[in-house]
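Q: Before anything else, here's the structure in question.
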Amino acid sequence: MPVHRQPGPTAGATSQLWPSGGRHLWPSGESSEVQSHARGHLVYAANGVLAVHTERGTSIVPANRVAWTPAGFTHQHRAHGDTDMRIVFLAPSLARLVPDRPVVFLASGLVREVLLALTGPRSYDPAVPDYSRPARSRLLRVLVEELSEAPEQPLHLPEPQDDRLRAIARLLHETPADSSTLAELGKAVGAGSRTLSRLFHDELGMTFYEWRTQLRVHHALVLLAEGHDTTRTATACGWANPSSFIAAFTDIIGTTPGRYRSGRVVQDQIVVAQDQEQGSDRP
19 MPVHRQPGPT AGATSQLWPS GGRHLWPSGE SSEVQSHARG HLVYAANGVL AVHTERGTSI
79 VPANRVAWTP AGFTHQHRAH GDTDMRIVFL APSLARLVPD RPVVFLASGL VREVLLALTG
139 PRSYDPAVPD YSRPARSRLL RVLVEELSEA PEQPLHLPEP QDDRLRAIAR LLHETPADSS
199 TLAELGKAVG AGSRTLSRLF HDELGMTFYE WRTQLRVHHA LVLLAEGHDT TRTATACGWA
259 NPSSFIAAFT DIIGTTPGRY RSGRVVQDQI VVAQDQEQGS DRP
């Protein structure tokens with residue numbers, strides 16, 4: 019497959035791009051232009067943390083998750099921590115097997131290895147033999163079949179449409195440590211707590227407190243990727259103490275902030291997957 023090297027999305031990025039995917043090495047804080055593609059694509063952070071912004075909301079992609087953006091969705095990527103971003107485009111015949119909306123999946127050990135294989139030197143280094151077309155097709159099929167059975171993860175933070183909810187979202191994005199009640203926030207935006215509760219449920223499919231917890235975990239992932247420790251991150255994101263932060267973070271991410279920050283999140287995820295496989299074999 020011929021490779022056409024192109025400038026990175028920003029001056030600080032190093033990129034390799036090819037018809038079926040790409041790889042961007044981004045320093046922390048770099049972001050892509052706002053764009054859309056004719057084909058849907060998967061993004062994976064081999065290192066660092068990615069934020070994927072679409073009109074539907076924001077997805078945070080740590081090292082054990084994969085984000086899917088369907089064709090035609092306007093989006094922007096941003097790196098938190100030095101990030102190795104991998105991209106795989108899906109043909110329509112494969113894209114129909116995954117959701118028609120932005121979503122985040124748990125990345126099994128197999129998904130991770132297939133993504134790394136499809137975006138590794140075989141795709142961009144002329145000195146390394148490329149996969150044959152049938153072999154690449156088989157890898158893509160395995161990838162999509164794995165993702166079609168993978169659980170969706172609560173790391174997509176939906177973007178509210180109602181002006182009052184958008185005002186609350188802006189306030190909490192700016193100050194995630196704000197612990198105001200929904201009634202208190204309602205006074206600032208001119209709506210009662212009952213109305214706001216209904217809007218959160220109807221528009222976003224979750225309670226205000228579920229949405230705020232996800233927002234705080236999003237901010238926590240960014241701070242951890244930028245090198246902040248657990249205690250400082252807990253305080254900055256609004257938890258009263260590190261233990262409550264650790265519990266909430268572990269419930270959503272599947273590993274503790276300390277193990278995540280030390281880079282052990284992928285190893286944790288692989289061990290869990292192995293345990294689950296062994297458990298399924300037991301009588």
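Residue numbering for the sequence shown follows the numbering used here, beginning at 19 and increasing consecutively. Positions of the beta carbon are idealized from the N, C-alpha and C atoms, including for glycine.
Please list the terminal residues of the continuous alpha helix (DSSP H) segment that includes Leu203.
A: Residue mapping note: residue 203 aligns to position 185 of the sequence shown, counting from 1. Note, Leu203: alpha helix (DSSP H), 200-207.
Q: Can you tell me whether Leu190 is helix, strand or coil according to DSSP?
A: Taking the first residue of the sequence shown as 1, we reach residue 190 at position 172. DSSP places Leu190 in helix when its eight states are reduced to three.
Q: Return the CA-CA distance between Thr248 and Ala64, expressed in angstroms with no decimal places.
A: Residue numbering aside, residue 248 sits at position 230 when the sequence shown is read from its first letter. Residue numbering aside, residue 64 sits at position 46 when the sequence shown is read from its first letter. Each residue's Cα considered, the two are about 22 Å apart.
Q: Go to Thr87, then tell me how far its beta strand (DSSP E) extends in each direction, as first and last residue.
A: As a first step, residue 87 is located in the sequence shown; it is residue number 69 there, counting from the start. Here the beta strand (DSSP E) through Thr87 covers 83-87.
Q: For Leu115, which residues in the same chain have their Cβ closer than 7 Å to its Cβ, ignoring the five residues on either side in sequence?
A: One-based indexing of the sequence shown puts residue 115 at position 97. Same-chain partners within the cutoff: Val162, Ser166.
Q: With distances taken between CB atoms, is the gap from Arg74 to Pro176 smaller than 8 Å?
A: Here the question's residue 74 lines up with position 56 in the sequence shown. Here the question's residue 176 lines up with position 158 in the sequence shown. Contact flag set, yes.
Q: Along the alpha helix (DSSP H) that carries Asp345, what are the first and last residues, could you check?
A: Nothing can be reported for residue 345: it is not among the residues displayed for the chain, which extend from 19 to 301.
Q: Starting from Ser215, trace the alpha helix (DSSP H) in both directions and tell me its first and last residue.
A: Residue mapping note: residue 215 aligns to position 197 of the sequence shown, counting from 1. 211-217 is the span of the alpha helix (DSSP H), which, as asked, contains Ser215.
Q: Excluding the 5 residues preceding and the 5 following His219 in the sequence, name in chain order all residues of the same chain whose CB lies nearer than 8 Å to its CB.
A: Numbered from its first residue, the sequence shown carries residue 219 at position 201. Result list for His219: Thr225, in chain order.
Q: What would DSSP say about Val21, mapped onto helix, strand or coil?
A: As a position in the sequence shown, residue 21 is number 3, starting the count at 1. Residue placement at Val21 is poorly supported in this model, since its pLDDT is 30, which falls under 50; the coordinates are not used for a value here.
Q: Is it the case that the Cβ atoms of Leu214 and Arg184 are separated by a distance below 8 Å?
A: By one-based count along the sequence shown, residue 214 stands at place 196. By one-based count along the sequence shown, residue 184 stands at place 166. For Leu214 and Arg184, no; Cβs fall outside 8 Å.
Q: Evaluate the contact criterion for the region 145-156 versus the region 49-60: three or more CB pairs, one atom per stretch, below 8 Å.
A: No, the region 145-156 is not in contact with the region 49-60.
Q: Which runs of the beta strand (DSSP E), 3 residues or longer, sit entirely within the region 29-95?
A: Fully enclosed beta strand (DSSP E) runs of 3 or longer: 32-36, 39-44, 59-72, 75-79, 83-87.
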